[in-house]
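S.K.: Before I ask anything, let me first share the structure, which is written out below as C-alpha cells.
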Ligand code: SF4
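Set out below in C-alpha cells:
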C-alpha cells in the first residue's frame, strides 16, 4: 500500500482517515514456501465459492483496503505457522472426507504467501479438486510479476477461479456473489468454472452467510453480508460487551 499526496493515482484507490490510498499496486515480498502462516480452515462451507468447498484463511495482508472486514488478518504476525507439506496433507484429507469439490484460499492476502499456497493448491489439484483464490491484486499485475516470480506463477497456474482487485467500500457489489465491490473481477483461469462465471456475469447470484455457534458460546461467521445485515442477525445475542467473538469474515 502506498499513501499518495497527488490526486493522480496509478491504480484503484480507497479513502481512509489517513487520506487517499492506492491499493494493490506494490509487488508482494517473496516469502519461502516451506511454512504457512494461517488463521482458519473450514473443511466444508457453502458460502465461499461454487458448490461445497473447503476454505483456508491465511494470516497477513499487505494490500490493506480501508473498510476491509478482516483487519485482524492484516498483520504478518499472529495466526499459526505450520509446515506447508503437513498442512497440504491434512487439508486434502479433510476435504476428501467432507466430500467437497475444491478449496477457496482467502485471507489475508494469498499472494503474500504464494509459494506455500501454490504447494497446497497443487495438492488439491492432484486430488482432483478445484482451487479458487481471492486476491487484492489485479490479475494483470500478478501476470506481469509472474514473469520473474515463480511463486506467483505457480499459484496462478494452480488457480481455477480468481477473484481479483482490492475491496472498495464505496462501490459495493450487490449483484455478483462472493465479490465485495464492483471493481473486482471474477476470472475463470481454467475451463472448470467458465460456464459458472458466464452465468454470474449474465444473471448475478446470491451471497450466503454461515454462522456457527460453538458449545463454549463462540460464534464464527463466514461468507458475506453487509455490516447492517450482520448487526441485525447478531443483535439478539446480547449486549455488545457480552457477545461472543466473531471471526474470519470474508471481505
Ligand atoms: S479486502 Fe482482502 S485484500 Fe483488501 S485488505 Fe482485506 S484481506 Fe486484504
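Residue numbers (the numbering used here): 27 to 277. Here a beta-carbon is modelled for each residue, glycine too, at the ideal position from N, C-alpha and C. Keep in mind the model is a prediction, meaning the values are calculated, not measured.
1) Residue 114 and residue 144 look like a contact to me (Cβ under 8 Å); what is the Cβ gap, rounded to whole Å?
2) How many angstroms separate the CA atom of residue 56 from the CA atom of residue 212?
3) Drop a sphere of 10 angstroms on the beta-carbon of residue 257, count the other beta-carbons inside from all chains shown, and report buried for 16 or more, exposed for fewer.
4) Mapping the DSSP letters down to three states, classify residue 187 as helix, strand or coil.
5) Spell out the partners DSSP gives residue 246 in its beta bridges.
6) From 229, 180, 194, 218, pick the residue whose C-alpha is nearest to that of residue 201; which is it?
7) Look up residue 176 in the DSSP assignment and say whether it is helix, strand or coil.
8) Can you list, in chain order, the residues of its chain with a C-beta nearer than 8 Å to that of residue 227? Leave out the 5 residues immediately preceding and following it.
9) If you check the beta carbons only, do residue 249 and residue 73 fall under 8 Å apart?
10) Hey, would you say the C-beta of residue 203 is under 7 Å away from at least one heavy atom of the ligand SF4?
11) Under the criterion of a Cβ to heavy atom distance below 7 Å, does residue 211 qualify as lining the ligand SF4?
M.R.: Reading from the atomic positions:
1) Translated into positions along the chain shown, residue 114 becomes position 88. Translated into positions along the chain shown, residue 144 becomes position 118. Their Cβ separation, rounded to whole angstroms, is 10 Å, which puts residue 114 and residue 144 out of contact at 8 Å.
2) Here residue 56 refers to the residue found at position 30 of the chain shown. Here residue 212 refers to the residue found at position 186 of the chain shown. Roughly 25 Å between the two C-alpha positions.
3) One-based indexing of the chain shown puts residue 257 at position 231. With fewer than 16 Cβ atoms within 10 Å of its Cβ, residue 257 is classed as exposed.
4) Counted from its first residue, the chain shown places residue 187 at position 161. Strand, per DSSP.
5) The residue you call residue 246 lines up with position 220 of the chain shown. Paired residue(s): 238.
6) Here residue 201 is taken as the residue at index 175 of the chain shown, counted from 1. It is 229.
7) The sequence position of residue 176 within the chain shown is 150, counting from 1. Helix, per DSSP.
8) Locating residue 227 in the chain shown gives position 201, counting from the first residue. Correct list, in chain order: 202, 212.
9) Your numbering for residue 249 matches position 223 in the chain shown. Your numbering for residue 73 matches position 47 in the chain shown. In terms of Cβ geometry, residue 249 and residue 73 form a close pair [threshold 8 Å].
10) Against the chain shown, residue 203 aligns to sequence position 177. For the ligand SF4, not one heavy atom lies less than 7 Å from the Cβ of residue 203.
11) Numbered from its first residue, the chain shown carries residue 211 at position 185. When distances are taken from the beta-carbon of residue 211 to the heavy atoms of the ligand SF4, even the shortest one reaches 7 Å or more.
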